[in-house]
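Colleague: So in our numbering, spot 334 of the sequence shown is number 334, and the numbers just go up one at a time.
Beta carbons are placed, not taken as given, at the ideal position from N, Cα and C, and that holds for glycine.
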Amino acid sequence: MSRDSHDISRRQISENALKVLYRLHKSGFKAYLVGGGVRDILLGLEPKDFDVVTNATPDEIKKLFRNCRLVGRRFRLAHIVFGRDVIEVATFRGHHGENSDTISKSNAEGRLLRDNVYGEIDEDAERRDFTVNALYYDISDFSIRSYGGGIEDLQARKIKLIGDPETRYREDPVRMLRAVRFATKLSMVIDPISAAPIKSLAPLLADIPAARMYEEVLKLFFAGKAQANYQMMQDFDLFGPLFPQIQGVIADLPKGHAAKMLNAVMRSTDDRVNQDKPVTPAFFYAAILWYPLKQRADDIALESGLQLYDAHVAAMGDVMEEQCRTISIPRRFSTPAKDIWQLQLRFERSQGSRAFKLLEHPKFRAAYDLLLLRGEVEGGSVAKQAAWWKSFVEADETQRGDIAKGSGKTSSNRNRNTAQRKRKRKPAVKTDSAAE
Ligand code: ATP
Ligand code: MG
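#1: Given this structure, state the Cα-to-Cα distance separating Gln-295 from Ala-386, to the nearest angstrom.
#2: Hey, how far is the Cα of Phe-392 from the Cα of Leu-42?
#3: Which of helix, strand or coil does DSSP assign to Ile-159?
#4: For Arg-145, collect the residues of the same chain with a Cβ closer than 6 Å to its Cβ; drop the 5 residues on either side in sequence, then sort them by chain order.
#5: Is there contact between the stretch 105-124 and the stretch 63-82, where contact requires at least three CB pairs shorter than 8 Å?
#6: My assumption, with CB atoms under 8 Å, is that Tyr-169 sits in contact with Pro-197. Please give the rounded CB distance.
#7: For the ligand COA, is there a heavy atom less than 6 Å away from the beta-carbon of Gly-36?
#8: Could you compute how far the alpha carbon of Asp-276 sits from the alpha carbon of Ile-121?
#9: If I'm right that Tyr-458 touches Ala-337 with Cβ under 8 Å, what's the distance once you round it to whole angstroms?
#10: Considering only residues of the stretch 150-232, which uninterrupted beta strand (DSSP E) runs meet the minimum length of 3 residues and lie entirely inside it, listed in chain order?
#11: What does the alpha-carbon distance come out to for the pair Ser-5 and Gly-94?
#12: In this structure, does DSSP put Asp-276 in helix, strand or coil?
#13: Cβ-heavy atom distance between Arg-128 and the ligand ATP below 6 Å?
#14: Excluding sequence positions up to five away, which residues of its chain have a Cβ less than 8 Å from the Cβ of Phe-239?
#15: May I ask which residues mark the beginning and end of the alpha helix (DSSP H) holding Asp-369?
#16: Measure the Cβ-Cβ separation of Met-261 and Val-382 and say whether it is below 7 Å.
#17: Whole angstroms is fine: what's the gap from Ser-412's alpha carbon to Asp-252's?
#18: Between which two residues does the alpha helix (DSSP H) containing Ser-2 stretch?
#19: Hey, quick one: how far does the beta strand (DSSP E) through Val-86 stretch, first residue to last?
#20: Using the C-alpha atoms, what's the distance from Tyr-147 back to Leu-308?
#21: I'd like the span of the beta strand (DSSP E) that includes His-25, first residue to last.
#22: Under three-state DSSP, which class holds Asp-129?
#23: To the nearest whole angstrom, what separates the beta carbons of Phe-50 and Ser-14, a pair I think is in contact under 8 Å?
#24: Using DSSP with H/G/I as helix, E/B as strand and the rest coil, what is Thr-57?
#25: Return yes when the C-beta of Asp-138 is under 6 Å from any heavy atom of the ligand MG, and no when it is not.
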């Protein structure tokens, strides 16, 4: 598409991306804006980031830019760093012929462990994931090149994988998640031929390095489309391989608490993102893993005879460790997630004068938000507990004193009642308060 048959103008491209494109072009290299940047501008959306592709090799790129960092092993790239803004510059990928392992490598399932064969733009286009992502904006004449029908698919709102779907998903199973993410983000439909093999190949996601998965999960659930992505992931069996413990309790718990919690967390995450409120992986993981944690704590208590509180603490480590096998949650989030879990037990025991102390806990707000969701999901005594805390939190200083005093009696009565009920049901497990 020549310059005057499309409406991308340089004003829609970030200054830093333009700098990179011009510098490459002036040094005699080919330089294109590619992927999401072109796609989103054509759709009238604001691109999240700008990716550049060139025929310069990573080493040649490095010589041109002082602010350049070479990154990645599986897929070598240059990052041109402008303060907090990073422009990603890739070299055209080529086809895989007979290469040594240092250049390209696959595993037994067909997954590409390394992809550093360089080529020309046509080959590069075939190595991209979807046709709508194989769009190139040429800085030398401002034309757009579309491969494999990218422009037509963009107009037809179709997410279509380039090449043979099964081979391409096996090369990189994350493409299955990307198909879902682009379909919801761009309000498009996954082409039936591209969708067909997903269910049967979904288990391949379990082998993706956990660090990469962490990043993908953030993009799926923290960009305002969590509900839609969660639903579509379930429809394609893509959720279970990433969250095996959650999928287990969704299947096991007949009351549907775990499933309701997942829906509630996704909805509230979307609401917050769409209102520009902060979201944190600590709360997200604490909430979606709450029912697996409860189940694990019950199992430990039953097997070991530990008190429920101690069993709960032991289960926190187990559940988090297990989740980190598929998604490596950084410690700066997994630690506060455990605080949020521990506070759930203290809510039950702290109605009354101890409530003031709990209010000062740095993770109080997140833990309280989880309590509200639990109340919503379970109703019954948890909903009552949540209601008590809500009145306490929303009251002013003096009212709080009254609420705390007034509840002293009822709260301890209530606790005694629960303790009795528990004792009746499970005589082997002691539930004496050993909380703090
Ligand atoms: P967004 O940035 O909005 O998430 P994007 O399409 O720009 O979407 P990036 O992850 O930034 O996605 O990747 C840039 C481009 O690189 C893509 O448009 C696509 O052409 C290519 N690409 C990215 N990941 C893959 C992959 N796993 N397999 C093949 N090509 C990919
Ligand atoms: Mg991008």
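Modeller: Quick answer:
#1: Here residue 295 corresponds to residue number 295 of the sequence shown, with the count starting at 1. Here residue 386 corresponds to residue number 386 of the sequence shown, with the count starting at 1. Near 21 Å, if we compare the C-alpha coordinates of Ala-386 and Gln-295.
#2: Here residue 392 corresponds to residue number 392 of the sequence shown, with the count starting at 1. Here residue 42 corresponds to residue number 42 of the sequence shown, with the count starting at 1. C-alpha separation (whole angstroms): 51 Å.
#3: One-based indexing of the sequence shown puts residue 159 at position 159. Strand at Ile-159.
#4: The residue labelled residue 145 in the question sits at position 145 within the sequence shown. Only Tyr-136 meet the Cβ criterion.
#5: yes
#6: If you number the sequence shown from 1, residue 169 lands on position 169. If you number the sequence shown from 1, residue 197 lands on position 197. 6 Å between Cβ atoms; contact.
#7: Questions concerning the ligand COA fall outside what the structure shown contains, since the ligands it does hold are the ligand ATP and the ligand MG.
#8: Translated into positions along the sequence shown, residue 276 becomes position 276. Translated into positions along the sequence shown, residue 121 becomes position 121. Rounded to the nearest angstrom, the two C-alpha atoms are 39 Å apart.
#9: With the chain covering 1 to 436 only, the question about residue 458 has no answer from this structure.
#10: none
#11: Taking the sequence shown and counting its residues from 1, the one referred to as residue 5 is at position 5. Taking the sequence shown and counting its residues from 1, the one referred to as residue 94 is at position 94. Taking the straight line joining both Cα atoms gives about 29 Å.
#12: Taking the first residue of the sequence shown as position 1, residue 276 is located at position 276. Coil.
#13: For the purposes of this step, residue 128 is taken as residue 128 along the sequence shown, with counting starting at 1. At least one heavy atom of the ligand ATP is nearer than 6 Å to the Cβ of Arg-128, so yes.
#14: Within the sequence shown, numbered from 1, the residue matching residue 239 stands at position 239. The answer, listed in chain order, is Tyr-230, Met-233, Ile-246, Gln-247.
#15: As a first step, residue 369 is located in the sequence shown; it is residue number 369 there, counting from the start. Element bounds for Asp-369: 364-378.
#16: As a working mapping, residue 261 is identified with position 261 in the sequence shown. As a working mapping, residue 382 is identified with position 382 in the sequence shown. Result no, Cβ atoms of Met-261 and Val-382 do not sit closer than 7 Å.
#17: Locating residue 412 in the sequence shown gives position 412, where the first residue counts as 1. Locating residue 252 in the sequence shown gives position 252, where the first residue counts as 1. Any reading at Ser-412 must be qualified, since the residue scores a pLDDT of 43, below 50, and its modelled position is unreliable; the value itself is stated next. Near 32 Å, if we compare the C-alpha coordinates of Asp-252 and Ser-412.
#18: Sequence index remark: in the sequence shown, residue 2 carries index 2 (1-based). Careful: Ser-2 lies outside any alpha helix (DSSP H) and carries neither H nor E.
#19: Sequence index remark: in the sequence shown, residue 86 carries index 86 (1-based). 85-91 is the extent of the beta strand (DSSP E) around Val-86.
#20: Working through the sequence shown from its first residue, we reach residue 308 at position 308. Working through the sequence shown from its first residue, we reach residue 147 at position 147. Each residue's Cα considered, the two are about 60 Å apart.
#21: If you number the sequence shown from 1, residue 25 lands on position 25. That residue, His-25, is in no beta strand (DSSP E); its alpha helix (DSSP H) goes 15-26.
#22: The residue you call residue 129 lines up with position 129 of the sequence shown. Residue state, collapsed to three classes: coil.
#23: Here residue 50 corresponds to residue number 50 of the sequence shown, with the count starting at 1. Here residue 14 corresponds to residue number 14 of the sequence shown, with the count starting at 1. Between Ser-14 and Phe-50 the Cβ distance is about 6 Å, and since that is below 8 Å, they are a contact.
#24: As a working note, residue 57 is residue 57 in the sequence shown. In the structure shown, Thr-57 sits in coil (DSSP, three-state: anything other than H, G, I, E or B).
#25: Within the sequence shown, the letter at position 138 stands for residue 138. It does not: the Cβ of Asp-138 is nowhere closer than 6 Å to a heavy atom of the ligand MG.
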